[in-house]
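*Asks:* Provided herewith is a single structure, encoded as structure tokens, for subsequent inquiry.
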Amino acid sequence: MGRSAAFFDLDKTVIAKSSALAFGRPFYRDGLISRRDVIKGAYAQLIFRVGGGSDEQTMARTRDYLAALVKGWRAEQVRQIVRETLEELISPYIYAEAVLLIEEHRAAGRDVVLVSTSGDEMVRPIGEQLGITDIVATRMNVGEDGCYTGEIDFYAAGPNKVVAVKELAAEREYDLSACYAYSDSVTDAGLLSLVGHPTAVNPDRGLRKTAVDRGWPMLEFKHPIPLSRRLRERPAVPVAAAAIGLGAVVAIGLAVYSRYRKTRALRLDAATT
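First residue of the sequence shown? That's 1 in the UniProt record's numbering, and the numbers climb one at a time after it.
Pasting the structure below:
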């Protein structure tokens, strides 16, 4: 068997909001986007949440709109805004259940990869907060003047996520049948189908139907908590996370950690007898 990895979507899977929309306010404040852009972005996010933005034509329009929107922005200014506002806009909204699940996969020796349609400039710093360095995200082309050219080098949405994960798996010799993937969106059905252990997290309407049809487990994450507090209060984190659908109830959080401890103890007992 080859190596194994766990692939996590970001928005509504690891964090309880849209990472792109989260930075809308500081982008507006610094004059990068207009009020109309803010409203249009929020509307587009709503369409995706109700499952109406999953077709290729809609994703292509979103890609083209994004490319036109950021043309002329200084890449370093974007990175600086993200760094300055990350603690306020993202850290308080990281799901405690997701953090514990990431730790569970690490304890099992798996690589952890964030796979997000949001820009690399946003996703990578969030990954760093979680100790994740392997990132698949949208990459915008930057010209010699340090500004975005309006072209997209890689748009990490839908089928493109599948292509990127396949390439990474081939490079690192992952056994995809032994890998895990987590997402909230039907746009990631292809990514979830790619691995042996797919899970729908806080699924939208389309993904919920797909999960039921294919017998995929579903999890509901409910407890966003500041990462700094999560690390300080690790033994006492509230960890209720109910699995939904398929007649199953799956405990996560402390229950996951407890199971790992019990399994390890049983193995140690078996080894000494």
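Yeah, the Cβ is synthetic: ideal placement off N, Cα and C, and Gly gets one too. From a predicted model like this one, the values you see are computed outputs, not experimental measurements.
1) For the beta strand (DSSP E) containing L153, name the first residue and the last one.
2) For the candidate residues I102, C147, L100 and G109, whose alpha-carbon lies nearest to that of L69?
3) Just verifying my parser: in three-state terms, what is the DSSP assignment at S18?
4) At the level of alpha carbons, what is the spacing between I81 and E104?
5) Using a Cβ-Cβ cut-off of 8 Å, state whether K17 counts as contacting chain C.
6) Give me whichever residues DSSP pairs with A5 in a beta bridge.
7) With the cut-off set at 8 Å, would you say I152 and R25 are in Cβ contact?
8) Going straight from the alpha carbon of D30 to that of Q77, what length do you get?
9) Please report the residue range of the alpha helix (DSSP H) in which D120 lies.
10) Give the secondary structure of H197 by DSSP, where H, G and I count as helix, E and B as strand, and everything else as coil.
11) Expressed to the nearest angstrom, what Euclidean distance is found between the alpha-carbon atoms of L21 and M122?
12) Just the C-alpha distance for R3 and Y28, rounded to the nearest angstrom, thanks.
13) Run through the DSSP bridge pairs and tell me what A75 is partnered with.
*Replies:* According to the data block:
1) Per the sequence presented here, residue 153 reads as Asp, with Leu not at that position. Unbroken beta strand (DSSP E) run through D153: Y148 to F154.
2) Nearest of I102, C147, L100 and G109 to L69, Cα basis: C147.
3) S18 falls in the coil class under three-state DSSP.
4) Straight-line spacing of the CA atoms in I81 and E104 works out to 32 Å.
5) The chain labelled as chain C is not found in the depicted structure, where only one protein chain is given.
6) According to the DSSP secondary-structure assignment, A5 is paired through a beta bridge with D111.
7) No, these two residues do not count as a Cβ contact at 8 Å.
8) Spanning the alpha carbons of D30 and Q77 requires a straight line of approximately 9 Å.
9) Where D120 is concerned, the enclosing alpha helix (DSSP H) stretches over D120 to Q129.
10) H197: strand per DSSP, three-state reduction.
11) Rounded to whole angstroms, the separation of the alpha carbons of M122 and L21 is 11 Å.
12) Their backbone Cα atoms lie some 43 Å apart in a straight line.
13) Under DSSP, no beta-bridge partner is assigned to A75.
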